[in-house]
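This report refers to the structure that appears directly beneath it.
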Amino acid sequence: MNWSGKVAIVGAYESPRRKAPNVHPYTIQAECIQAALAEAGLTIADVDGFCTATGLPGEGGTQMNILEIADWMGITPLYHDSTDTGGTAPITHIGHAASAIACGDADVVVVSYAGCSLSAGDFDSTPPAWGAWQYEAPYGINIAASYGLAAQRHMHEFGTTSEHLAKIAVACRANAALNPDARFRKDMTVEEVLASPMIADPIHRNDCCCVTDSGGAVVLMSAERARSLGGKKPVYVLGFGEAIEQYHMSQMPDFTRTVAHVSGQRAMKMAGVTHGEIDCLQLYDSFTITVLLTLEALGFCSKGEGGAFVDSGAILPAGQFPINTDGGGMSSNHPGRRGIFTVIESVRQLRGESPGVQLDNPRIALAHGTGGSLSNTSTLVLGI
Amino acid sequence: MNEPTLNSPLPMTDEFSQYFWEGAKKGKLFIQRCNQCDQTQFYPRPFCKHCLATEPEWIEAKGTGKLHTFSVVRRTSDPRFVDKLPYVQAVVELDEGVRMTTNIVNSDVENLRCDMPVHVVFEDIGRDFMLPQFATVKR
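For the protein sequence lines, the chains are L and X, in the order given. If you want the working numbering, it's the 1-based position in the first sequence plus 306. If you want the working numbering, it's the 1-based position in the second sequence plus 1.
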């Protein structure tokens, strides 16, 4: 069943919080859910589907976290999803929810996320050295280094440079400069990125996303019902694709290609759009290399050509494929599973409401997440 | 042999994985080959990840391979590894074709290159565990 265009986003809200010491993430969840519903003129009583994942450090949840947070919100949803694919999860939830709505399994679904990674997170601990982890954890697996493995190999095979990667961080920062809520807004140069401390070669500090306390929520319903709401223009879900590959980096078949080539192709095929028809890209930017690999794997440039593509200015607001117009996770907001914000910023662009760089009348946006250690991707194509 | 690194997370073995760690204690690096489809795999599993046949055969790897890719870890908030900084998180491709996560030790970490030849060395990490690590081959 092709459900392209049959489901719409009617509410999208990003918390302006960036630092929230002494605030439990579920408080931020509630703020975001309330605000996203209010935007659509709905209340929690209208919600029959709820999706979130809160089991990582800094997210406030423990085991069975969808039950825990549904209890906290005081709801008993008929449809729920707490698929945990890392940073992609909210995009994955939105894709699953849209499919469920199109099938008639749910009417109004809230997909939300919040994390307090800045105040309560812990990125450097690995699971117990049990099962497959017994062959990984003793070596000191580090998330920046895991992405560094991909960057190192890309440099080796294609001559990609630290300058190429730095230009991605600089492009995001320039967009963030206009976003009053962004975590970092001060102008930044390529030289400053290269001069920032090396975290895990070849990843400099400023090749890494910012770390924040924040959250967001999105409300979905059938396109038909959305048109009768009379609120803001519905943003239609035109295409969705998800794909997973390795979990442990040692199992990654090709360190220079993410599985975005699968999720992206599926989403674009479902939406019936070509690359040239897409007006903006909101790409998961945990690290600069994440963006470079994504541009290649989605087919916006050829494999190995990411560096030259970035050099060409194509990803800038005036370029053919502007990215991360809110400043991205690099400079605006990254509490943990940034996927939700790639969707929210896509919605804001299509409504003409970006807090960062608003593009001129975009019609089609692509939101894309990369989770785990370059492990999985989810792609959403949205249109107005 | 290096000094014991007692702060490394020690493997939590099970009845299946003991073979691998017993081998490591004797200086042997074991990988697996499937009796059905003849493909090799690492990390070890009690089945073949290619065809799901059970009980793939343990085979001793030659212990030589290439540094497929690496990252020199210079900052960490993991207290278990702070004392090791800078250390090298790496993926090595063994001559048998499988890849494994490892550290590069006893080597000049500032002059590593992808595809450099490497060979296995075993590091005592305490509690009777020998951890397979790799070093660059001196030319």
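C-beta: ideal position from N, C-alpha, C; glycine also.
Using only CA atoms, which one of Ala412(L), Phe627(L), Gly537(L), Ser310(L) lies nearest to Glu318(L)?
Along the first sequence, read from residue 1 onward, the residue named residue 318(L) stands at position 12. The sequence shown places Ala at residue 318(L), rather than the Glu named in the question. The shortest C-alpha separation from Ala318(L) is found at Gly537(L).
If you draw a straight line from the C-alpha of Glu320(L) to the C-alpha of Pro10(X), how long is it?
Position 14 of the first sequence, counted from the first residue, corresponds to residue 320(L). Position 9 of the second sequence, counted from the first residue, corresponds to residue 10(X). Their Cα atoms are separated by approximately 38 Å.
Spatial neighbours of Lys325(L) within its chain, please: CB distance less than 8 Å, with the 5 preceding and 5 following residues excluded, ordered by chain position.
Looking up residue 325(L) in the first sequence gives position 19. Here the set comprises Leu424, Ser425, Thr518, Asp519.
Going by DSSP, what residues sit across from Ala673(L) in a beta bridge?
Numbered from its first residue, the first sequence carries residue 673(L) at position 367. Ala673(L) is bridged to Gln588(L), Leu686(L).
Whose CA, out of Glu602(L), Ala624(L), Pro623(L), lies closest to the CA of Phe615(L)?
Taking the first sequence and counting its residues from 1, one reaches residue 615(L) at position 309. It is Glu602(L).
Using a Cβ cut-off of 7 Å, pull out every chain X residue sitting near Asp507(L), in sequence order please.
Against the first sequence, residue 507(L) aligns to sequence position 201. Ordered by position in chain X, the residues that pass the 7 Å Cβ test against Asp507(L) are Ser72, Val73.
Which residues does DSSP pair with Gly545(L) in a beta bridge?
Counting from one through the first sequence, the residue named residue 545(L) turns up at place 239. Partner(s): Val687(L).
Can you tell which of Cys515(L), Gly578(L), Leu343(L), Val525(L) has its C-alpha closest to the C-alpha of Gly642(L)?
Position 336 of the first sequence, counted from the first residue, corresponds to residue 642(L). That would be Cys515(L), whose Cα lies nearest to the Cα of Gly642(L).
Would Asn104(X) count as contacting chain L if we go by Cβ distances under 8 Å?
Here residue 104(X) is taken as the residue at index 103 of the second sequence, counted from 1. Yes, Asn104(X) lies at the interface with chain L (some Cβ there is under 8 Å from its Cβ).
Return the first residue and the last residue of the beta strand (DSSP E) that Val110(X) is part of.
As a first step, residue 110(X) is located in the second sequence; it is residue number 109 there, counting from the start. First-last for Val110(X): undefined, no H or E at that position.
Which first and last residues belong to the alpha helix (DSSP H) in which His402(L) is found?
For this step, residue 402(L) is matched to residue 96 along the first sequence. Looking at the DSSP string, the run of the alpha helix (DSSP H) that includes His402(L) is 395 to 408.
Run through DSSP, which three-state label would Tyr88(X) get?
For the purposes of this step, residue 88(X) is taken as the residue at position 87 of the second sequence. Residue state, collapsed to three classes: strand.
Near Ala549(L), which residues of its chain fall below 6 Å by C-beta distance, leaving aside the five closest residues on each side in sequence?
Taking the first residue of the first sequence as 1, we reach residue 549(L) at position 243. Same-chain partners within the cutoff: Val565, Val568, Ser569, Thr683.
Going by C-alpha to C-alpha distance, which of Val525(L), Gly625(L), Asp507(L), Ala451(L) sits closest to Glu345(L)?
Here residue 345(L) refers to the residue found at position 39 of the first sequence. Looking at the Cα atoms, Val525(L) is the closest of the given residues.
Please report the straight-line C-alpha distance between Gln134(X) and Ser679(L), rounded to a whole angstrom.
One-based indexing of the second sequence puts residue 134(X) at position 133. One-based indexing of the first sequence puts residue 679(L) at position 373. Rounded to the nearest angstrom, the two C-alpha atoms are 22 Å apart.
For a contact meaning CB atoms closer than 7 Å, what does Leu680(L) contact in chain X?
Start at 1 with the first residue of the first sequence, and residue 680(L) comes out as number 374. The premise fails here: Leu680(L) is roughly 12 Å from chain X at the closest Cβ pair, so nothing lies under 7 Å.
What does Ile629(L) pair with, by DSSP beta-bridge criteria?
Position 323 of the first sequence holds residue 629(L). Per DSSP, Leu587(L).
Going by C-alpha to C-alpha distance, which of Thr676(L), Val663(L), Ala456(L) sits closest to Pro486(L)?
The residue you call residue 486(L) lines up with position 180 of the first sequence. Ranking the options by Cα distance to Pro486(L), first place goes to Val663(L).
Against chain X, with Cβ distances strictly below 8 Å, would His470(L) count as a contact?
Start at 1 with the first residue of the first sequence, and residue 470(L) comes out as number 164. No, no contact with chain X.
Quick one: complete beta strand (DSSP E) runs, 3+ long, within the segment 413 to 449 of chain L?
Correct list: 415 to 422.
List, in order along the chain, the chain X residues whose C-beta lies closer than 8 Å to that of His554(L)?
Along the first sequence, one-based indexing puts residue 554(L) at 248. Within chain X, the residues near His554(L) are Tyr44, Thr102.
Just grab the DSSP bridge partners of Ser72(X) for me.
Mapped onto the second sequence, residue 72(X) falls at position 71. Note: Ser72(X) sits in a beta bridge opposite Gln90(X).
Could you say if the segment 586 to 604 of chain L and the segment 628 to 642 of chain L meet the contact criterion of at least three C-beta pairs nearer than 8 Å?
Segments in contact, yes.
Does the segment 20 to 40 of chain X touch the segment 66 to 79 of chain X, meaning 3 or more C-beta pairs lie closer than 8 Å?
Result no; under three Cβ-Cβ pairs closer than 8 Å.
What separation, rounded to the nearest whole angstrom, lies between the Cα atoms of Gly446(L) and Arg46(X)?
Stepping through the first sequence from its first residue, residue 446(L) is reached at position 140. Stepping through the second sequence from its first residue, residue 46(X) is reached at position 45. About 21 Å.
In this structure, how does DSSP classify Leu95(X) when only helix, strand and coil are distinguished?
Indexing the second sequence from 1 puts residue 95(X) at position 94. Residue state, collapsed to three classes: strand.
At the level of alpha carbons, what is the spacing between Thr6(X) and Ile126(X)?
Along the second sequence, one-based indexing puts residue 6(X) at 5. Along the second sequence, one-based indexing puts residue 126(X) at 125. Here the model assigns Thr6(X) a pLDDT of 46, short of 50, so the residue's position is not dependable and the matter cannot be decided.
Would you mind telling me which residues of chain L sit closer than 9 Å to Glu20(X), beta carbon to beta carbon, in chain order?
Locating residue 20(X) in the second sequence gives position 19, where the first residue counts as 1. Looking at the sequence provided, one finds Tyr at residue 20(X) rather than Glu. Result: empty, since nearest Cβ-Cβ is about 13 Å, beyond 9 Å.
Could you name the residues of chain L that Lys85(X) contacts, counting a contact when the two beta carbons are closer than 7 Å?
Here residue 85(X) refers to the residue found at position 84 when the second sequence is read from its first residue. The contacting residues are Gly446.
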